[in-house]
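Residue numbers (my numbering), protein chains in the order written: chain S, 7 to 277; chain W, 24 to 440. For each residue, glycine too, the CB sits at the ideal point set by N, CA and C. Here is the structure we will look at, set down as structure tokens.
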């Protein structure tokens, strides 16, 4: 109509975004703090690992230290640590997201506070206690550790799934139903895409919780970088304790970074 | 396009593509509430008409609307669209055959304009080519350039543009019935007037059955072929044409609701299309400026209307403002009037225009002519005189000493308006 000419003005530049423009727009969605974190973390992680490599190559180590900090051993533990983290994270998402969806639908809605309460309690319980108790019940090992970690990290994802879905504008849901979309298709095509950024924030929180708590898995023979720390403590080798702790911290930073990247890409275009 | 779901353009202007809606003794009670939200509403909405549901908040107008597409299930009573009971098919399938337009457009922010419009056609299983051409056709219909807007996201559009896309989404699968819930409530008054005019112009082409909820009596008068004024519990205050509602309110509630200044409101009943338009000199974009100036001067015009290749007016410059070798589109947005706009809107637009007039457009924004103050006042005077002539024709027949009284009676029942 008559305002066609004016309408073209301010937004005309967005007509055909090139990849460069697109990534600029992705960046535009972040605030300055998030951008700094996103770029600083990889630098810190690389510098950290480089420092370790240099120290490892130049320091004079006794046989115990050499054994505990050997590259093969360290890589094996990092791999074990990542495995614990990601397997648990996948399980957390697989349990918490459907549960969160169920708790925002129809009759089960009323149960939401109860379930969130239980998940709260699960997170409030000391994680060492949870791991040890489960090991006493199910026996030690990787999968017991995964189970304990999963229970421990469900809360943030569950809570954010519920909050994210509740945060979707009700009129959009009604618009979807009003034009003839089924409840399921409104959920999959409207509610979940719009709630995804909030859910991914929960996933990032869970990942960071998991990567820290996975250090404890070593107590029940679950693997991970906790073994290096524990070896350092029991053998009283400070370099081993310090580097074990630094490596855990670097890994945690890396996971945090990954979570932020996921969060950024999970945000639907146009929002 | 298949033959059963012809494109709106191909149905030809004026042929009714809507369906009749019948509400029979429809009641909605919410558990725990003593009074029914809607209590025994019976109503026939004729095919191809715009019926406005209007009333104070809480009167049950939105509930009544949502019962038609079963977003709210009636407690009792029956609703038919055409020959079909709405309960015959599943609610989801039913809703795919009823357009639904909500305040602000309620577009899905994570989908492009094209995807938003394509929702219902996709649900109906149309193939991609058909959907694509339908989306472009609808964008044209709501006056948005498909090439420019198809791939935009809602937040990149103005409120009025979002609302237009909302209307396009409602029309997507060419449904016979369209429900609108406060469709123009979220936009500024100037945009609202334009959107209303556009809706009227689209409706002139499509002749759907449109049920529209509003709390704004002026909007109801302007858009409605009929107005349903609802009181508490969706009791029908009056269900009649805007003219009849204004001239003879059925009861005190309706009179109160229609409010004071109803004679001024009658300005909203006359359309620009009833006025003879002036046809000043026009120019095409790209024409040589000196030629245009010569033509205008020989016609005695001091301004020209610039048209684009689709006959759409883009600017209305004074001759002294014409600069450069050739005519160009003009930088400022030209506020046009749709020929279905009311005299009220026309006066409003003219007051803000340096020409003391307004450019009038018809279907798809094509240029029709120019309206100015003189033509509006002449028209109003002619109407006034016609009314007075009618009075004089009736009064002598009564030969009653209480002439004045008689006159009052005749004007009250609206027959002499």
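Note down the Cα distance separating residue 88 of chain S from residue 199 of chain W, rounded to an integer number of angstroms.
Cα to Cα, residue 88 of chain S sits roughly 58 angstroms from residue 199 of chain W.
Label residue 149 of chain W either buried or exposed according to how many other C-beta atoms from any shown protein chain fall within 10 Å of its C-beta, with 16 as the threshold for buried.
Burial call: buried.
Nearest CA to the CA of residue 75 of chain S: which residue from S/245, S/262 and S/198?
Comparing Cα positions, the closest option is S/245.
Return the CA-CA distance between residue 86 of chain W and residue 38 of chain W, expressed in angstroms with no decimal places.
Approximately 30 angstroms between the Cα atoms of the pair.
Kindly indicate which three-state DSSP category residue 341 of chain W falls into: helix, strand or coil?
Looking at residue 341 of chain W - three-state DSSP - the assignment turns out to be strand.
Buried or exposed: which applies to residue 253 of chain W, given that a residue is buried once 16 or more other Cβ atoms fall within 10 Å of its Cβ?
Classification of residue 253 of chain W: buried, given that the 10 Å Cβ count is 16 or more.
Let me see if you follow: with CB-CB separation under 8 angstroms, is residue 181 of chain S close to chain W or not?
It does: the Cβ of residue 181 of chain S has a partner Cβ on chain W nearer than 8 angstroms.
Expressed to the nearest angstrom, what Euclidean distance is found between the alpha-carbon atoms of residue 138 of chain S and residue 147 of chain S?
Using only the alpha carbons, I get a separation of about 11 angstroms.
Might you give, ordered along the chain, the residues of its own chain that have their beta carbon closer than 6 angstroms to the beta carbon of residue 260 of chain S, omitting 5 neighbours on each side?
Only 51 meet the Cβ criterion.
The alpha helix (DSSP H) with residue 179 of chain W in it runs from where to where?
Premise fails: residue 179 of chain W is in no alpha helix (DSSP H) and is neither H nor E.
Should residue 419 of chain W be flagged as near chain S, meaning a C-beta pair shorter than 8 angstroms?
Because residue 419 of chain W sits at a pLDDT of 47, beneath the cut-off of 50, its placement in the model cannot be relied upon, and the following sentence gives the value as read from the coordinates. No, no contact with chain S.
What do you reckon, are the CB atoms on residue 202 of chain W and residue 350 of chain W nearer than 8 angstroms?
It is not a contact, given that the beta carbons lie outside the stated cut-off.
In chain order, which alpha helix (DSSP H) runs of at least 4 residues are fully inside the region 82-129 of chain W?
Those alpha helix (DSSP H) runs which fall completely within the region 82-129 of chain W and span 4+ residues are 84-91 and 114-119.
State the Cα-Cα distance for the pair residue 4 of chain S and residue 194 of chain W, rounded to the nearest angstrom.
Residue 4 of chain S is absent from the structure shown; chain S starts at 7 and stops at 277.
Step through the CB atoms of chain W and report whether any lies within less than 8 angstroms of the CB of residue 115 of chain S.
Chain W, which has no Cβ nearer than 8 angstroms to the Cβ of residue 115 of chain S, makes this no.
Pick out the complete beta strand (DSSP E) segments inside the region 348-376 of chain W, 3 residues or longer, and give them in chain order.
Here the runs fully enclosed are 359-361.
Compare the C-beta of residue 196 of chain S against all C-beta atoms of chain W and say whether one is closer than 8 angstroms.
Yes - at least one Cβ of chain W is within 8 angstroms of the one on residue 196 of chain S.
Between the alpha carbons of residue 131 of chain S and residue 263 of chain S, how many angstroms are there, rounded?
Cα to Cα, residue 131 of chain S sits roughly 27 angstroms from residue 263 of chain S.
Looking at the C-beta of residue 442 of chain W, does it have a partner C-beta in chain S at a distance below 8 angstroms?
Chain W is shown only over 24 to 440; residue 442 of chain W falls outside these bounds and no answer can be derived.
Looking only at its chain, what residues have a beta carbon closer than 7 angstroms to the beta carbon of residue 503 of chain W, apart from the 5 residues adjacent to it on each side?
The structure shown does not extend to residue 503 of chain W, since chain W is modelled only from 24 to 440, so the question has no answer here.
By DSSP's criteria, residue 68 of chain W is part of a beta bridge. Which residues make up the other side?
Residue 68 of chain W pairs with W/44.
Residue range of the beta strand (DSSP E) that residue 306 of chain W falls in?
That run of the beta strand (DSSP E) goes 305-307.
May I ask which residues mark the beginning and end of the alpha helix (DSSP H) holding residue 139 of chain S?
Its alpha helix (DSSP H) spans residues 133-144.
What did DSSP end up calling residue 177 of chain S once you bin it into helix, strand or coil?
Looking at residue 177 of chain S - three-state DSSP - the assignment turns out to be helix.
Does any residue of chain W have a CB that is nearer than 8 angstroms to the CB of residue 268 of chain S?
It does not: the Cβ of residue 268 of chain S has no partner Cβ on chain W nearer than 8 angstroms.
Please compile the residues from chain S whose C-beta is within a distance smaller than 7 angstroms of the C-beta of residue 164 of chain W.
The premise fails here: residue 164 of chain W is roughly 11 angstroms from chain S at the closest Cβ pair, so nothing lies under 7 angstroms.
Apart from the five residues on each side of it in sequence, which residues of its chain come closer than 8 angstroms, Cβ to Cβ, to residue 199 of chain S?
If we look at residue 199 of chain S and ignore the five residues flanking it on each side, its Cβ neighbours are 274.
Taking its Cβ as the centre, do 16 or more other Cβ atoms sit within 10 Å of residue 54 of chain W, making it buried, or is it exposed?
With fewer than 16 Cβ atoms within 10 Å of its Cβ, residue 54 of chain W is classed as exposed.
Are residue 212 of chain S and residue 163 of chain S close, meaning C-beta to C-beta below 8 angstroms?
Result yes, Cβ atoms of residue 212 of chain S and residue 163 of chain S sit closer than 8 angstroms.
Closest Cβ-Cβ distance between residue 131 of chain W and chain S: below 8 angstroms?
Chain S contact via Cβ: present.
Tell me the DSSP secondary structure of residue 58 of chain W in three-state form.
Residue 58 of chain W falls in the coil class under three-state DSSP.
Name the one or two DSSP bridge partners that residue 395 of chain W has.
For residue 395 of chain W, which the question treats as bridged, DSSP gives the partners W/380.
Check whether the Cβ atoms of residue 88 of chain W and residue 236 of chain W lie closer than 8 angstroms to each other.
Yes; because the gap between Cβ atoms is below 8 angstroms, this pair is in contact.
Please work out which residues of its chain come closer than 7 angstroms, Cβ to Cβ, to residue 95 of chain W, disregarding the five sequence neighbours upstream and downstream, and give them in chain order.
The residues are 51, 86 and 89.
Looking at residue 340 of chain W and residue 327 of chain W, is the spacing between their C-beta atoms short of 8 angstroms?
Yes, Cβ-Cβ distance for residue 327 of chain W and residue 340 of chain W is below 8 angstroms.
Considering only C-alpha positions, which residue in the set W/159, W/214 and W/160 is nearest to residue 185 of chain W?
When only C-alpha atoms are compared, the closest one is W/214.
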